[in-house]
Structure formats: structure tokens, C-alpha cells
Amino acid sequence: MATLEERVKAVTGKTLNIDPGEIQTEHSFTFDLGAESVQSVELVAMFEEEFGIEMDEDAALAVETIGSACEFIARVCAEQGVAVDTD
Amino acid sequence: MPDQTGKTESHPLDSIFYPKSIAVLGVTPTPDTVPNDIFRNILTSGYTGVLYPVAPFKRSIYAVKAYRYVLDIPDEVDQAVIVYPSNVCHKAVEQCGQKGVKSVIMISAGFREVGPEGAKRETRIKKICDDCGMKLIGPNCLGVINTDPISMLNASFARKMPARGRIAFLSQSGALCTAVLDYALGKGIGFSKFVSFGNKAGVTEIDLIRYLHKDPQTDVILLYLEELRDGRGLVETARQITRGPGAKPILLIKSGRTVQGADAAASHTGSLAGEDVISDAVLREAGIIRVDTIDKLFNSAIMMTYQPPPRGRRLAIVTNAGGPGVMATDAAVNMGLEIPRFEAETTGRLKTALPAAANIKNPVDVIGDARADRYSAALRAVLDDDNVDEALVILTPQSMTDIEAIAECVVAGSQSTDKPLACSFMGGRDVQTGIDILQAARIPHYILPEWACSALVDSNAFNEWKNSPAPEFEPLDVDAAAARAVMDSADEGYMREDQCLDVLRAYGFPVPRYKLCTSADDAAEFAAELSCPVVLRVVSPDILHKFDVKGVALDLDGPEAVRGAWNDMMTHIAEVMPQARIIGAIVRGMIPHGREVILGAKRDSVFGPTVMFGLGGLFVEVFKDVTFALAPVSARRAASMVRSVKAYELLTGARGTKTADVSGIEECIRRLGQLVSDHQRITELDINPMLVGSSDAGNLVADVRIRLAPADSD
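Same order as they appear, the protein sequences are chains A and B. Going by our numbering, the residue at position 71 of the first sequence is 262; the numbering climbs one at a time, nothing skipped. Going by our numbering, the residue at position 299 of the second sequence is 1582; the numbering climbs one at a time, nothing skipped.
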């Protein structure tokens, strides 16, 4: 089963139309990956769907990098009792 | 900056207005978004340089090859326009610094205007720009427009590129910029430069007006400010721009007419010196014309831009309607213009050209049935008159009024004179075709004649100002060291009365003979020496309101009366304020009743040391009839301050009073200006009142309060 980070990269790549292999943990969604504001909102929805969680939208949109997104999603999953592979 | 001949003279801000290459960082391909609009505006405005989109993982934007980072661009980049979200802007700015970018226009919002976190982000990007030598416009701004064909730059998200003109507009508000652009478009007004500078973290209005002073494309500078951070810097810069050869007018809208906080109200000067009151006075001292509305801003700007400077204030009015002519005359006179008599030759020409029922005196009424021939003859006659400096043409649309032909004759009249001309074709739809002709020929047109008069007044005021000599500050003979020694011995807060008087004496103010006495015997002995009725005033660092604790005894005649008053005073204070530390009491002669003035000083957070003058009593308490100036104060400015209060006539012998020692008051204003300029510790100072004597008797300080900042602030 894919790790949380792999799943985040996969969702990001699909949403932004980027090869997930080019996405790195420290990449900023906007500055490095070119996410537009509307795509950032879309990403939040896609992550919710992927992990079966509900995220506070303002807090989620404040997340800047892939790595921070992984930490944020892991925390929400733990709070909402959703099991994910964080290795 | 490049001039019309193509010759270039390098200026640090050239990279903002004349970049050879621009990268837009954070462009998106989605139309109707700010990043996309900015890129498209630059692309379609006719920009003469090279444009690069920076858009990660996009191949191109509008068929222009895109780059992931500014560092990936193979060529030099002069200017970066940044539209990333605020939380990643620092990364973009860092890369710009590495790339050697010369200027950054930071459109993005989310900085100081949103609170402390945003302020931190702003400080961070400013530091990077400073460290890398990059000029920063913004953040939180609309962008920059330059209509000079050499550049043709529209690095903004304004909807349209404005027409080319000779007015520069600088604004702290981006939203106002878009409204102004639309307004100007409707009025046919063009711009040379157009800058929204937002939070002004880097380049400020002072930098920009300095640049525009030297800009050959700009004749008039318009400025909209919400916040004045360096008022003194603005005043000092404006003084250099608005006077002498190459002088340019600066018209300002400063919003936020508020009063200062409660601690400023601790003294008279503080309570009267609301930020806006000081702003009004000192901006005027810099030759800045302050206006309240966008209409007035452009009314005056087009007069100064389109028409030659007036030689004087004598206005001729030509009208086809008596009522508007009279209203215009009233407005002109009330605003400070003159309605001169015509020369005999002019009267003769008007008599020949106009029907018998016409009014051939100023204002000239060519009567309601006038057609273009009458307007033409009247206008040419008054413009040829040596008693006339400028003319106003008023038209009301009547059935036989040939509006377009009259507009054409006004244009012809304007082309044959070097005197400024203004028009008011009153009405709306019927006169529009005439207005269009006037605007196309750059004849300032105003819906109301009063607006025309106001614009002519501003034009005259600027012309008089630019030709007036710059202020000269002649230092007076003072003992600054003695004053400093007194202040060095004083703590933060209000100084003791004896210390205040010592400071004033060191600066040559007319203070009464006084002594700080420490015993009843000491006081009685000094009273005997004065040999006149005296006043006894307690001195204590703990007593601010002496009368409340019976700490003042008046009109004491002789040593025994002084001794008795001393004992009563000290006994009473010991009862009501046992904790008060008593230094002693001041003994001085009683000061006779008379006319009173107030002199004040305040260290303003925006303008630095300022001084205030007004007549005392009701005039200051109720009417707030006071005036302010920046310190130090020149002799000419001191004289104008005294003459500018409404109650000035009371000093000049009105109602049978003796002429006051006005020159003595002026000298005290200058001494006060010098005192607060020399000593940074003085935050507030009130001489209230100063008794005004006759010109042969002189003036006398009756009471003074001085408030000091902590000792290390000097």
C-alpha cells in the first residue's frame, strides 16, 4: 500500500497535471508547483476524498509545502480515526 | 531617465518605469485573474522591452515561453512583478536578488495591512530587497503604468491603459487608482506616470515625487495618501520641488482627517494639534496644494497642465447669462481673485461689438441671444487688456446659442494668448458637443463656474509660491547650553515652573523677574526687593494643578503679606497632600491684565517639532483660532503666522486698543522654534498666556509648561 506522502504526491500531480516523480517533499504548492488559487481549493477537496477526512478549509489552504500537507493530513487522520501509512 | 531625445540619464528608479525586461512571477493561464491580467496588460499595452512569464509547470502563457523560476530565465531581468500568495513571496524575492533584478513590483496583498504576521512577512521581503539593492514598490498595490512611448508599460491590473498626458498620479490606494483611471478616461485626461505604491515598504511617495520632479514627461504631480509616515521628509522634499527653476505643483489628497489620541491632549497645544490641523498648516508651508476631493484634484491639475501660468489674480468673465456671471464674480472674489476694471480701449471695443443692452463692464454679459461672433469679440478684447491676467467663459444653452461655434472661438482665442483660460458650459447633454471641442483643445472645462474659479486660484497660488523666496532661518542669540543644563537636571514629564522659566530665560523670552524661594523669610525678602504686589506659586513635582491645593496666592502687597500667605499655603498643602514633596515657591511680580496670546510647541510624530500661535482666552478655547508651523521658524513665516489668525486685528489697535508689540510676538515664535529644534527632549511646551503689551512696553510670559521625554531621547 502507498505511503501517505506517495498518495499526497499522486493527488497533487493529478490535480496540477504534473508527473508525481517530479514532486519533492519541500516543494511549495504555489511557488514550485504553480498551483493557482482555484487549484489549491480543488486540492483540499481531492485530499479529503483520497483520505476520507474533512479538513478545515482555511487551515488547509494555509499549508505551504508537500511536506507540511503530509503532516497536516496525518494529524487530521489521527483526529478522525482514519488509518494511514506514514512511513 | 530617458528624455524625449532618447538621451538617458541613469536614475535608481528607472528600472521601475523604464525596465528593459520584465518577469511576471506567479502568472497563471486563467483569464480574469490578477496574475493573468497583469501579464496580459504588459503584453498588450505596447511594452517596448522583453517579457517573461514565470509559471511553474506551464509551457507558455499567451504563447510566450514560460519559466519555472526567475532563475531559469536565460537573459537579464530588470524588473520582477510578483503576484504569488504572500506566504511564498519571500522565496520569489530571494531568487530575484540572486538573479540581479533591479526592481520589484509586489502586487500581492497579505502583508502589513493584515496584522502582525503580515508585517513580519513585509519586513522580511524589504530586508531581502535592501540587501540585494532592489527597489521595491508595494506590496499590496495595483502596479505601475508609464505612458512614455519609450516604455509603454502597464504593469498593473487596471482595466485600461490610460491616455498619454503630463499628469503623474501616485496613490497609496490601489482601488482608488482604478476609479481615477476610469474618471480620467471619461474626462479625456491623460497621465505620464501612474503608480500605486500600496504599503510603501520600499519606495515611498518621497522617492517618487523626487523622481517625477526630474521627469521630462511630467508637469503636475498628484498624490493620494492615507498615511503620512515621514511628514518632515515630504515637506523638505516638496519645498525643493515646488520652488525655483523647474518647479512642479504637487496636489495632495490626504485622507483620514482624525485627531490624535488622548495623551496628546494633556496640554493646550496637544489638544489643538490634531494630526490633520498640523498637516494642513505644514503641507501648505511646503507649497503642497491640499484638496479634499478627486474632482478638485483634477480640476486644478488640468488648469495647471493645460494652461500657461497666470501673471496675477485679475479675472475677466465673459458670459451670456447675468445670474451665473454674478455667481462667478462672487465666487472669484470670495476665493481671492480680483475682478478688474477694463482699460478704456477694451471698453470701446466691447461697446462697438456688443448690443446696447450688453454689460460692457466686468463681468461682460454678451446677453442670452449671443452667438459666436459676440463671444469672439468680447473674449479677444478682454484677453488683450493689460488689466486682465486670465479669463473665464460662461455659456448657458439657449435656443439661439451656437454651442460648437462658440467653443471653436474659445479655442481660437486661447491659441492667440499667453493668458490662462477656463470655461464653464453650464448644463449637460446640450452643451456636451461644445465641451468635447474644448477638452480636445485642452481648454479646462468645469460644470460650475465656481470650480473654474477654484482651479484658477490654485494655479495662481502655485505660481506665486514658486516665485517666492525660500525661507531663511536666521538663528537668534540664545544660551542653548544653559537651557540644556536645566533640562539635564529634570526628569521625564512636566518640568517644575522654576525650571521652565530658567529655560525660557536662557532662550531670551521676556520672563518676569522671579526667584525660587525655600522659606517664608526668603520669599518676604525677595518681595521687598521687587517692591510691587507679588504672586506666590508653590513648586512641587507632585502638584500639577496648583489652584486645587491653594498653591497660588495672588496680589500680595508687601513682605508680611507674603510671609502670611506662605505659612497658610504650606499648612494647607500639608493637610490635603501630605505626601507632596515641596521644593519651595516662586515669587514674582503680579502681571497686569491685558490681551493674551498662546505660544505652543509640540513634537509631532509625523512632522517633528512644530510651533503654534493663537490669541488666548476665548479665541483659543472656543474658536481654536490657532496656526501651526514647522520648527525652526523663519522671520517671514513668524510674521505670516501672527497675521493668519482671525483675531489678528485685536493686536493692531482695533476698537481703540493700543497697537500690540507684534514684532515681539514674532520674535518669541522664532525663539520657540529654535528652542524645540535644539532640544529633542521637549515634547510639548505651552506659554499660556503670554501677556501682550503695547509696542513700547513689550510682552511678558505669564505661565509656561514644558513636558520632557526621557533623558536619553535628546
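The beta-carbon is built from N, C-alpha and C at its ideal position, and this holds for glycine as well.
In the three-state DSSP reduction, B:C1783 falls in the helix class (H, G or I). Considering only beta carbons, the part of the region 1344-1373 of chain B lying closer than 7 Å to chain A consists of Y1367, P1368, N1370, V1371, in chain order. In the DSSP annotation of this structure, B:E1673 is not part of any alpha helix (DSSP H); the continuous beta strand (DSSP E) holding it starts and ends at 1673-1678. Under the Cβ distance rule, A:L234 does not count among the residues neighbouring chain B, no pair being separated by less than 8 Å. Proximity to B:V1817 across B:P1875, B:K1829, B:C1460 peaks at B:P1875, based on C-alpha coordinates. A distance below 6 Å between beta-carbons, with the five flanking residues on each side excluded, links B:L1958 to the following residues of its chain, in chain order: Y1790. A check of alpha carbon separations from B:V1821 across B:S1802, B:L1813, B:E1757 identifies B:S1802 as the nearest.
The straight-line gap separating the alpha-carbon atoms of A:I257 and A:M246 is approximately 16 Å. If you look at B:K1476, you'll find it isn't in any alpha helix (DSSP H); it sits in the beta strand (DSSP E) that goes 1474-1479. At a cut-off of 8 Å between C-beta atoms, B:A1338 counts as an interface residue with respect to chain A.
B:T1406 has no beta-bridge partner at all, per DSSP.
With contacts defined by Cβ atoms closer than 8 Å, B:M1435 and B:Y1330 form a contacting pair.
Interface flag for B:K1382 against chain A is unset, since no Cβ pair is found closer than 8 Å.
Residues of the region 219-230 of chain A that bring their beta carbon within less than 8 Å of a beta carbon in chain B comprise S219, T221, F222, D223, L224, G225, E227, S228, V229, in sequence order. Distances from the CA of B:R1920 to each of B:L1933, B:R1954, B:T1940 were compared; the closest alpha carbon is that of B:R1954. Shown here for B:F1756: same chain residues with a beta carbon closer than 6 Å to its own, the five before and five after excluded, namely P1915, S1917 in chain order. Within the same chain, Cβ atoms closer than 7 Å to the Cβ of B:A1922 are found at E1949, the five residues on either side in sequence being excluded.
Between A:E270 and B:P1399, the alpha-carbon positions lie close to 30 Å from each other. Per the coordinates, the alpha-carbon of B:A1614 lies some 18 Å from the alpha-carbon of B:P1593. Contacts with chain A (Cβ-Cβ distance below 9 Å) from the region 1389-1407 of chain B involve no residue at all. DSSP, reduced to helix, strand and coil, places B:K1749 within a helical segment of the structure shown. In the DSSP assignment, B:S1977 is bridged to B:A1943.
Interface annotation, A:I257: not in contact with chain B, CB-CB separation never under 8 Å. In the DSSP assignment, B:S1659 falls within the alpha helix (DSSP H) that extends over 1655-1667. A:K205 carries a helical assignment under DSSP once its states are collapsed to helix, strand and coil. Following the DSSP letters along the chain, one finds B:N1642 in no beta strand (DSSP E), marked with neither H nor E. DSSP places B:M1389 in the strand class (E or B) of the three-state scheme. For B:L1819, the pairing in a beta bridge is given by DSSP as B:A1836, B:V1870.
Three or more pairs of CB atoms, one per stretch, sit closer than 8 Å, so the region 1829-1838 of chain B contacts the region 1851-1864 of chain B.
The shortest C-alpha to C-alpha distance from B:L1759 to any of B:C1951, B:A1994, B:G1981 is the one to B:C1951. The beta-carbon separation of B:V1337 and B:A1349, rounded to 7 Å, stays under the 8 Å limit for a contact.
For B:E1879, the enclosing beta strand (DSSP E) begins and ends at 1878-1887. B:A1441 sits away from B:I1305, with the two beta carbons spaced by 8 Å or more. The beta carbons of B:C1815 and B:M1873 sit closer together than 8 Å. Straight-line spacing of the CA atoms in A:S219 and B:V1371 works out to 8 Å. Around the CB of B:Q1862, fewer than 16 other CB atoms lie within 10 Å, so the residue is classed as exposed.
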